[in-house]
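Chains S and W are the protein sequences, given in the same order.
With my numbering applied, the first sequence covers 127 to 444.
With my numbering applied, the second sequence covers 127 to 444.
Report on the structure given below.
2 protein chains.
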Amino acid sequence: MGQMLIGVDFGATNVKIGCFDLELQLIDHTSVATEADQGAESTVERIAQAIEQLVRDVGSSPQSIVAAGIGTPGPADYQNGIIISAANLPFRDTPIRQMLSARLNCPVAFDNDANVACWGEFTAGAGKGVNDMVFVTLGTGVGGGIISGGRLIHGCGGNSAEIGHIIIVPDGRLCGCGQHGCIEAYASASWTAQRATEALEAGESSSLKPLLNQNGGITCEDVWRHRQEGDTLADRITDETARALGTLCINLLHVLEPSRVVFAGGMIAAGQVLLDRIRHYFDEQIWTMKKEPLEIVFSSLGEDAGITGAAGLGRELL
Amino acid sequence: MGQMLIGVDFGATNVKIGCFDLELQLIDHTSVATEADQGAESTVERIAQAIEQLVRDVGSSPQSIVAAGIGTPGPADYQNGIIISAANLPFRDTPIRQMLSARLNCPVAFDNDANVACWGEFTAGAGKGVNDMVFVTLGTGVGGGIISGGRLIHGCGGNSAEIGHIIIVPDGRLCGCGQHGCIEAYASASWTAQRATEALEAGESSSLKPLLNQNGGITCEDVWRHRQEGDTLADRITDETARALGTLCINLLHVLEPSRVVFAGGMIAAGQVLLDRIRHYFDEQIWTMKKEPLEIVFSSLGEDAGITGAAGLGRELL
Chain S
127 MGQMLIGVDF GATNVKIGCF DLELQLIDHT SVATEADQGA ESTVERIAQA
177 IEQLVRDVGS SPQSIVAAGI GTPGPADYQN GIIISAANLP FRDTPIRQML
227 SARLNCPVAF DNDANVACWG EFTAGAGKGV NDMVFVTLGT GVGGGIISGG
277 RLIHGCGGNS AEIGHIIIVP DGRLCGCGQH GCIEAYASAS WTAQRATEAL
327 EAGESSSLKP LLNQNGGITC EDVWRHRQEG DTLADRITDE TARALGTLCI
377 NLLHVLEPSR VVFAGGMIAA GQVLLDRIRH YFDEQIWTMK KEPLEIVFSS
427 LGEDAGITGA AGLGRELL
Chain W
127 MGQMLIGVDF GATNVKIGCF DLELQLIDHT SVATEADQGA ESTVERIAQA
177 IEQLVRDVGS SPQSIVAAGI GTPGPADYQN GIIISAANLP FRDTPIRQML
227 SARLNCPVAF DNDANVACWG EFTAGAGKGV NDMVFVTLGT GVGGGIISGG
277 RLIHGCGGNS AEIGHIIIVP DGRLCGCGQH GCIEAYASAS WTAQRATEAL
327 EAGESSSLKP LLNQNGGITC EDVWRHRQEG DTLADRITDE TARALGTLCI
377 NLLHVLEPSR VVFAGGMIAA GQVLLDRIRH YFDEQIWTMK KEPLEIVFSS
427 LGEDAGITGA AGLGRELL
C-alpha cells in the first residue's frame, strides 16, 4: 500500500471517513459518532483514532497518509480553518483544520460539505472531464457548489452557491429564509411535499389523500411513488418541481456557463423521470439565440461524494 | 516617460485607444474609425498606427509599450485570440490578438468588451479593494462580467455573465432572446421605455403621453426626465426597473457572493434615485437569515472602463 489520502465528511450525527489512493480510488471507509457535546478535542481525537485504525485495517500505517481533507456543515471560517459556530454543532471557535493537521502530521484541506461533495463529483464522479460545473443538492433544502475554470468558487465570505435562494417568482412562496419566490420554496423535498399537501387541502382528488389523512402529512417520496402509480396530482407536483429546476439550470447557465450541472441528494431517488423533465423544461424555456449544449446529469458518487471530495481537496495541497 | 500599457476598446463604429502607466493611470487617449469593411488587416494597421502616434504624442516611443489588451464585442474565441464572427463586424476567423501582438511586438490580452470593462472597474474603478465583484451593464441590453476570487470568470465557452437573461418571472415578458421573464425584458433601457409605452397605450395618463404622440416613441431617458418632473407613471416604471435590478442583485449574491455589484452603462444616467431604489428593493427582498453587506454602486470609470480594463488585462501578462 503506497501513499494515501484521507477524506472526512463531518456531519452533526456521524463522521464518515474514507481512505483513498492518489487517484482518488476508495480503498476503505469507516465512520464514528460525532458526539459533539463531548467537546471538539474529544471529537477530533476520535476521528484521528478512527483514521489510524482504518489505514491499519487496509494493511498500511498512519505514516503513509500524505494529505487529508474535511468537509463540515457551514458556516465556518474556511480560509482560516475554523468552525466559528455551525447550525447543529456546539463547537465554537474551533481551529479544526489545524487540530487535525497536527494530529495526523499532514496538510489538511477544509471546506463546507456542499463544496467538498462538489469537488468529489468534479474530480472523481459525474463532473469528470469538464472544467465548469455546478453541483446542486436536492434535499430538505437546495444547495450546491460551483466549479469555474477548474476551481471551486467561494465568494467573499465562503457563502457562494446558495443556489436554492435564487428568486424565480416575484412575490412568490415565502421561503424559510425569509425571501419570497426562492427556487427552494418550489423544488426542495419538503416544499414539493408541501405543495402536494396544499393541493389536497384545497380539495384536489388524489391517491395521496388517504395517506395525508392517515399520517397527518406526506413526504416527497410519497409524491414520487404515487406518481409512478399513476396519480395525476402527484404527476403535476413532480412536473412543477422539474420546471423550477429547469429554470434553475437556465439561470446557472447564464451566470456561470457550466458545461454540466450535476444534481445530487435524496430527491434524485425520483429517478429518470425527474431528470428527463428537468431537461425538458430547460429545453423548452432556454433562449433561441444559440443552441446551448448544457449537460444535466445525476450524481454518480452518491453518499461517497463528501469523503471523496475531502480527500481530493487534500490532494490539492500536495 | 517609462514603460507603458495600451488598452484598446474595439467597437463596431469606433476603436478607442488609451495609453497608461503601469499603475493604470490614463496618460492620454485617442480613437480611430473601425471601418471594418476595409478588412481586418487594414483595421489592425490603423489601430497600430494610432497607438504609435499616441505614444509619440505623449513624448515616448513604441518601444516603451510593454503590453496591450483589446476588448471586442462577442462572441469570439477568446482563448485562441480569434474573432470568429461577431454581430456587427464583417471579420471572419481573424486572429486579432496575434496580429496586434506581432505589430506592436508585445504580449496582447484579448477578452469580450463586458469582461474588459469589468476588469477596468475591478482594478482601477468602482471595484477597487474587493476580491469578488459583479459588473452589470445597463444599456439596450443587460450584460456584465464576473470577478471571483480576484479572477475573471469565463465559463466553458466564454459566455458567462449573460446576466440579463436570468429568468425572474415564470411565463413573463417575451425577451428578444426567446426566453420569457428575463431580467433584461424588465430592466434594460429599451424595455423600460417599452413598459412605459405599453402603459400609455393602455390609457394611463402621464406627461409622457404627448411625447409618445409627437415622436411615435419614447426613450428610457424620457422616463427618467419625466419622473424627475413629477410624473406618476414614469415614477412607477422607474420603480419596476429598480425592483428587477434589486432581484438581480439578490440572485447574483446567492450564486457568487460578491462583496460589491457595480452598475454601469447608459442607464445609470438615471442617477442616485435609481441606485437608491435598487438598494431599497435589495434590502426589502433579501433573506433574513443573516445581514448581507453587499455594496451596490455605480461605475466610476464610465466610458474609460474598456480601455482601462484592456490595458489592465495586458498588464496581467507581464
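Where a beta carbon is used, it is the ideal one built from N, C-alpha and C, also for glycine.
Using a cut-off of 7 Å between C-beta atoms, extract the partners of residue i located in chain S.
i, result
"W/Asp258", "Gly281, Cys282"
"W/Ser289", "Reading off the sequence, residue 289 of chain W comes out as Ile, not Ser. Residues of chain S passing the Cβ test: His380, Val381."
Output, in chain order, the set of chain S residues within a Cβ distance shorter than 8 Å of residue i.
i, result
"W/Thr358", "Simply none; closest approach about 21 Å."
"W/Met415", "Cys303, Gly304"
"W/Thr373", "Ile293, Pro296"
Please list the partners that residue i has in chain W, where partner means a Cβ-to-Cβ separation under 9 Å.
i, result
"S/Ser385", "Gly281, Cys282, Gly283"
"S/Met130", "The premise fails here: S/Met130 is roughly 30 Å from chain W at the closest Cβ pair, so nothing lies under 9 Å."
"S/Trp350", "Near S/Trp350 there are no residues of chain W at all, since even the closest Cβ is about 23 Å away, more than 9 Å."
Decide if residue i is buried, meaning its Cβ has at least 16 other Cβ atoms within 10 Å, or exposed.
i, result
"S/Ala341", "The amino acid occupying residue 341 of chain S in the given sequence is Asn; Ala does not appear at that position. Classification for S/Asn341: exposed."
"W/Arg386", "buried"
"W/Lys142", "buried"
"W/Glu288", "buried"
"W/Asp239", "buried"
"S/Ser211", "exposed"
"W/Gly281", "buried"
"W/Leu378", "buried"
"W/Arg218", "exposed"
"W/Ala368", "buried"
"W/Glu247", "buried"
"S/Thr220", "buried"
"W/Asn231", "exposed"
"S/Thr358", "exposed"
"S/Gln305", "buried"
"W/Ser187", "exposed"
"W/Gly128", "exposed"
"W/Leu371", "buried"
"S/Ala215", "Before going further, note that residue 215 of chain S is Leu rather than Ala in the sequence given. With 16 or more other Cβ atoms within 10 Å, it is buried."
"W/Asp464", "Residue 464 of chain W is absent from the structure shown; chain W starts at 127 and stops at 444."
Since residue i meets chain S, which of its residues come closer than 9 Å, beta carbon to beta carbon?
i, result
"W/Ser314", "Per Cβ cutoff of 9 Å: no residues; W/Ser314 is ~14 Å from chain S at best."
What residues match up with residue i in a beta bridge as DSSP calls it?
i, result
"S/Asp203", "S/Ile208"
"S/Asn140", "S/Ala159"
"S/Glu421", "S/Arg386"
"S/Ala194", "S/Ile132, S/Val234"
"S/Met259", "S/Ile273, S/Arg386"
"W/Arg218", "W/Ser211"
"S/Val268", "S/Leu264"
"W/Ile404", "Paired residues: none, contrary to the question."
"S/Cys145", "S/Ile132, S/Asp154"
"S/Ile279", "DSSP lists no partner for S/Ile279."
"S/Cys308", "S/Ile293"
"S/Leu300", "S/His306"
Which whole-angstrom value describes the C-beta separation of residue i and residue j, a residue pair presumed to lie in contact below a C-beta threshold of 8 Å?
i, j, result
"S/Glu310", "S/Gly267", "6 Å"
"W/Ala431", "W/Ala390", "6 Å"
"S/Phe236", "S/Gly207", "5 Å"
"S/His155", "S/Ile433", "6 Å"
"S/Ile294", "S/Gly307", "6 Å"
"S/Ala322", "S/Ile363", "5 Å"
"S/Ala243", "S/Gly271", "7 Å"
"S/Val381", "W/Ser286", "7 Å"
Residues of chain W with CB under 8 Å from residue i, in chain order?
i, result
"S/Ala390", "Chain W residues near S/Ala390: none, gap ~18 Å exceeds 8 Å."
"S/Gly275", "Arg277, Ile279, His280"
"S/Gln411", "Ile293, Gln305, His306"
Note down, in chain order, every chain W residue with its Cβ under 7 Å from the Cβ of residue i.
i, result
"S/Ser446", "Outside the shown range of chain S (127 to 444) lies residue 446 of chain S, about which nothing can therefore be said."
"S/Gln340", "Chain W residues near S/Gln340: none, gap ~34 Å exceeds 7 Å."
"S/Thr318", "Chain W residues near S/Thr318: none, gap ~17 Å exceeds 7 Å."
Could you tell me whether any non-hydrogen atom of the ligand SAM is closer than 6 Å to the CB of residue i?
i, result
"W/Ala252", "Only the bare structure without any ligand can be found here, which leaves the ligand SAM out of the picture."
Compare the C-beta of residue i with all C-beta atoms of chain A and state if any pair is closer than 7 Å.
i, result
"W/Ile376", "The chain labelled as chain A is not found among the protein chains of the depicted structure, namely S and W."
Check whether the stretch 291-309 of chain W touches the stretch 271-278 of chain S, taking contact to mean three or more Cβ pairs, one atom from each stretch, closer than 8 Å. no
Check whether the stretch 135-155 of chain W touches the stretch 415-435 of chain S, taking contact to mean three or more Cβ pairs, one atom from each stretch, closer than 8 Å. no
Does the stretch 315-322 of chain S come close enough to the stretch 345-356 of chain S to have 3 or more Cβ pairs within less than 8 Å? yes
Taking one C-beta from the stretch 171-184 of chain W and one from the stretch 200-208 of chain W each time, how about it: are there three or more such pairs within less than 8 Å? no
Would you call the stretch 148-158 of chain W in contact with the stretch 435-443 of chain S, where contact means no fewer than 3 C-beta pairs closer than 8 Å? no
Cβ contact check for the stretch 328-337 of chain S and the stretch 379-399 of chain S: 3 or more pairs under 8 Å: no
The stretch 396-408 of chain W touching the stretch 353-367 of chain W, judged by at least three CB pairs closer than 8 Å: yes
Check whether the stretch 160-169 of chain S and the stretch 405-416 of chain S touch, using three or more Cβ-Cβ pairs below 8 Å as the test. no
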